[in-house]
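785 is the number of the first residue of the sequence shown in the numbering used here; add one for each residue after it.
Here the structure is laid out as structure tokens; the discussion comes afterwards.
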Amino acid sequence: MADFEAVLDALYNAVLDGNAPAAKKLTQELIDGGAAVETILYDAMIPGMNEVGRLFEQGEYFVPEMLVSANAMKGGMELLQPLLELSDVKPIAKVVMGTVRGDVHDIGKNLAIMMMKGAGFQVIDLGVNVPPEKFIEAASDGAAIVGMSALLTTTMPNMKVTIDAFTAAGLRDRVKIIVGGAPVTEEFAIEIGADGYGANANQAVTVAKTLLGVPV
Ligand code: B1M
């Protein structure tokens, strides 16, 4: 393989440019070269998406550019998923995860799901724009953890709406609720009555395990 750093750089640029075929090819090249999943994500793909966000904020990128970049990243992530999956292992617990109502950002949520699955959780992915009732319905079937993601300051309040709906349904004590997403903070998580906060996808795993008393 060409110089490791150069391939990571090229992958960063492929995400930035929304070049899906290149993103896939370079991700595969890194996998074949023995790069760790975390390196591929945190040293190339995620910084690439962060730069996309910065350019959008500055008015240099628009929604279509964000979309093609997101698709490029997703294509690469698909190749990483099988590397994280464990087979023939009894799941630690059932988790339901989704992006809250009004919000269609799913890359961070998908990453958290990938990491949770890789760590041995059974994860039901509820997708995006998930209303409280859907979280409740899915969690009623034996879930120990509910995970919510939000990327917009305007949709963050729907995390509290969902938590309140669990309380109203008499189910709040049966599940641990963890929250994450770029604008979400530890303070916000405490304020809305969540049980845990994950600053990144790996933390979703450590927080979930800690809440269930499973060794990290
Ligand atoms: Co949107 N968008 N977007 N967007 N978008 C942001 C979020 C924004 C910050 C861009 C900006 O202005 N800089 C901005 C929000 C501003 C705000 O709220 N104050 C914004 C906006 C404004 C919008 C629209 C309103 C634009 C418009 O239409 N005018 C619109 C809203 C649509 C809606 O949801 N209703 C919109 C649309 C879109 C696209 C559809 C085009 C696309 C999403 C495609 C998709 O997800 N399938 C998109 C994208 C790609 C982005 C940016 C560029 C990238 C988001 C991303 O995927 N990041 C984003 C800018 C940015 O974040 N820098 C932006 C990478 C991802 C790995 O990070 O999701 O934070 P993140 O996940 C992290 C952690 O947060 C954590 O783990 C992950 C890995 O470490 N995590 C968890 C996430 N969930 C977790 C759950 C956990 C634990 C950890 O436990 C349960």
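Heads up, the beta-carbon is just placed ideally off N, CA and C, and yes, glycines get one too.
Computed from a predicted structure; not experimentally measured.
Any non-hydrogen atom of ligand 1 within 7 Å of residue i CB
i: Lys744; result: Residue 744 is absent from the structure shown; the chain starts at 785 and stops at 1000.
i: Ala922; result: no
i: Gly818; result: no
i: Leu851; result: yes
i: Gly728; result: The chain is shown only over 785 to 1000; residue 728 falls outside these bounds and no answer can be derived.
i: Glu841; result: yes
i: Gly911; result: no
i: Ala973; result: no
i: Ala836; result: Before going on, a small fix: residue 836 reads as Val here, not Ala. Yes, Cβ of Val836 sits closer than 7 Å to a heavy atom of ligand 1.
i: Asp890; result: yes
i: Ala927; result: no
i: Val914; result: no
i: Asp887; result: yes
i: Val847; result: yes
i: Ile962; result: yes
Residues bridged to residue i (per DSSP)
i: Val907; result: Val879
CA nearest to the CA of residue i, picked from the options
i: Asp787; options: Leu800, Glu813, Lys901 and Ala807; result: Glu813
i: Asp890; options: Ser933, Gly902 and Gly926; result: Ser933
i: Ala983; options: Ile908, Leu895, Ile947 and Gly902; result: Leu895
i: Leu964; options: Gln865, Arg838 and Ile897; result: Residue identity check: residue 964 is Gly in the sequence provided, not Leu. Comparing Cα positions, the closest option is Ile897.
i: Leu910; options: Ala903, Gly904 and Lys918; result: Lys918
i: Leu851; options: Tyr826, Met833, Leu864 and Leu863; result: Met833
i: Ile976; options: Tyr845, Pro831, Ile947 and Ala806; result: Ile947
i: Pro941; options: Glu921, Ala978 and Gly818; result: Ala978
i: Val821; options: Arg838, Leu868, Glu789 and Glu849; result: Leu868
i: Glu789; options: Ala819, Pro915, Met943 and Ala806; result: Ala819
i: Ala966; options: Gly886, Gly892, Arg885 and Tyr796; result: Gly892
i: Ala988; options: Ala922, Gly882, Val888 and Gly886; result: Gly882
i: Pro875; options: Ile908, Glu970, Tyr826 and Asp793; result: Ile908
i: Lys960; options: Leu995, Gly817, Asn855 and Val799; result: Leu995
i: Asn913; options: Pro866, Val888 and Ala856; result: Val888
Terminal residues of the alpha helix (DSSP H) in which residue i lies
i: Gly997; result: No alpha helix (DSSP H) holds Gly997; DSSP gives it neither H nor E.
i: Phe788; result: Phe788 to Asp801
i: Ala828; result: Run containing Ala828: none; DSSP gives neither H nor E here.
i: Gln812; result: Ala804 to Asp816
| At which residue ranges does the segment 912-987 contain complete beta strand (DSSP E) runs of 3 or more residues, listed in the order of the chain? | 929-933, 960-964 and 980-982
| request: Scan the segment 867-899 and note each continuous beta strand (DSSP E) run of 3 residues or more that stays entirely inside, going in chain order. | output: 878-883
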